[in-house]
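Visitor: For our numbering, add 179 to where a residue sits in the sequence shown, where the first one is 1.
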Amino acid sequence: MKSDRYYYLFEEGIVTSLHQVSLDGKVRKSIDFGYDDKLNADAITQVVLKENRVGIVSRGNLVVWFDENLEEMESEKLPFMANFHFIMDENRMISFTNRIDDQEDFDILIQQNGEVKKELPIRKDEYNFVYKSYSPFSEWNGKVLFSQAFNDTVYVWDQEGFLPLFHVNFGVNAVSDRLTQIQHPLDMLAFFNEKKYHYLPGEVYGMDHDRVLFQINEKGNRKIGLMNIESKELTVYPGIVDNSISNMILYFPQFSKGGELFFGISGEQILENYDRIPDSFKHRLSPEYAESFFIYRLKIKSE
């Protein structure tokens, strides 16, 4: 997550710390989480930003707010549970439930000026599978994009509701009604192991005025799709390579903001790419680079 002044980073897997990093890469402050306090480490799902406040989301519906110095301010109980919350401004929040609550019949809940509106009914005939995505929402031209796993449509929120922006037609390779045949976790595992289908895994990134980037799964292989909204032309790439500085294979971004893509790269990944990295980049690495974490900020050139 990125504010105007800082990055906020969690570890992968179980979250035990939140790190506040300046834009030049210096760790400014960290918060550690235990297992017997209000912010239980194994219950933290997300970090959100609202102006200069940082919110840590626990169990999908409790937000503990901190100021910019990471001093605790207050707690807020949300009116519903969701696996991913996207805060637009002080009065608007869009949430992707992702089947976290068996009693909820909708995928999207919009909290606006104290009222809750629901969008995109859940298909009850499909297996209740929670698919973890890191960027189901993205800002784009003052609107909000949404992508959902196994749903081959990218939606856009236009103040009135979520409407289809474009549909990716995978033809005979589409998932179609395969998910309605799944009854339990072993069926779901068998589906992933089949590697027969093409579908969207639920990651979307707003680019410039006419372009939207999103992930595609083609028979078990992750790829990147770039859709030109004006021309309706789709270009598919195997991934993203930084061909200007490091020659690193970046694969897939964590999120986008302001039309720029942000990647988290570990020192181990740099070590794996070491043979293809130019000397000019190697000379910039510290001796401890293999133990470090790198943030890549990438802007794709306009056509």
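Glycine included, each C-beta is placed from N, C-alpha and C at the ideal position.
Looking only at its chain, what residues have a beta carbon closer than 7 Å to the beta carbon of P432, apart from the 5 residues adjacent to it on each side?
Guide: Only Y384, L440, F441, F442 meet the Cβ criterion.
Visitor: Measuring only the C-alpha atoms, how far is M444 from G234?
Guide: The amino acid occupying residue 444 in the given sequence is Ile; Met does not appear at that position. Taking the straight line joining both Cα atoms gives about 24 Å.
Visitor: Give me the Cα-Cα distance between M386 and P380, rounded to the nearest whole angstrom.
Guide: C-alpha separation (whole angstroms): 18 Å.
Visitor: Taking the alpha helix (DSSP H) that G443 falls in, what are its first and last residues?
Guide: Unbroken run through G443 is the beta strand (DSSP E), 439-445; no alpha helix (DSSP H).
Visitor: My parser needs the beta strand (DSSP E) runs of 3 or more residues fully inside the stretch 199-246; what are they?
Guide: Counting whole runs of 3 or more residues, the stretch 199-246 contains the beta strand (DSSP E) stretches 206-211, 223-229, 232-237, 241-245.
Visitor: Answer with buried or exposed for E373, where buried requires no fewer than 16 other C-beta atoms within 10 angstroms of its C-beta.
Guide: Looking at its Cβ environment, which holds fewer than 16 other Cβ atoms inside 10 Å, E373 is exposed.
Visitor: May I ask you to list the residues that DSSP assigns as paired with P300?
Guide: Note: P300 sits in a beta bridge opposite F285.
Visitor: Using the three-state DSSP reduction, which class does Q448 fall into: helix, strand or coil?
Guide: Of the three classes helix, strand and coil, the one that applies to Q448 here is helix, per DSSP.
Visitor: So, for K478: in the same chain, excluding its five sequence neighbours on each side, which residues have a beta-carbon less than 6 Å away from its beta-carbon?
Guide: Only E439 meet the Cβ criterion.
Visitor: Could you check how far apart the C-beta atoms of N307 and R278 are, in whole angstroms? I think they sit under 8 Å.
Guide: With a Cβ gap of about 5 Å, N307 and R278 count as contacting.
Visitor: Taking all protein chains shown into account, decide if P315 is buried (16 or more other Cβ within 10 angstroms of its Cβ) or exposed.
Guide: Classification of P315: buried, given that the 10 Å Cβ count is 16 or more.
Visitor: Where DSSP assigns a beta bridge to S435, which residues make up the other side?
Guide: Note: S435 sits in a beta bridge opposite L440.
Visitor: Take every Cβ of the stretch 293-313, pair it with every Cβ of the stretch 342-354, and state whether three or more of those distances are shorter than 8 Å.
Guide: No, they do not touch.
Visitor: Establish whether the CB of I266 and some CB of chain D are separated by less than 8 Å.
Guide: Of the protein chains in the structure, only one exists, and it is not chain D.
Visitor: Which one of G404, V420, I266, V351 has the shortest CA to CA distance from K181?
Guide: It is I266.
Visitor: What runs of the alpha helix (DSSP H), each 4 residues or longer, lie entirely inside the stretch 298-359?
Guide: Segments of the alpha helix (DSSP H) lying fully in the stretch 298-359: there are none.
Visitor: When the Cα atoms are used, what is the spatial distance from N400 to I223?
Guide: Going from the Cα of N400 to the Cα of I223 covers about 29 Å.
Visitor: For the stretch 365-418, list the beta strand (DSSP E) runs that are entirely contained and at least 3 residues long, ordered along the chain.
Guide: Qualifying beta strand (DSSP E) stretches, in chain order: 383-385, 390-397, 400-407, 412-416.
Visitor: Just verifying my parser: in three-state terms, what is the DSSP assignment at E253?
Guide: Strand, per DSSP.
Visitor: With respect to the beta strand (DSSP E) encompassing D126, which residues constitute its N-terminal and C-terminal limits?
Guide: With the chain covering 180 to 482 only, the question about residue 126 has no answer from this structure.
Visitor: Using DSSP with H/G/I as helix, E/B as strand and the rest coil, what is Y430?
Guide: Three-state result, Y430: coil.
Visitor: Measuring only the C-alpha atoms, how far is I289 from G321?
Guide: So the two alpha carbons sit approximately 16 Å from each other.
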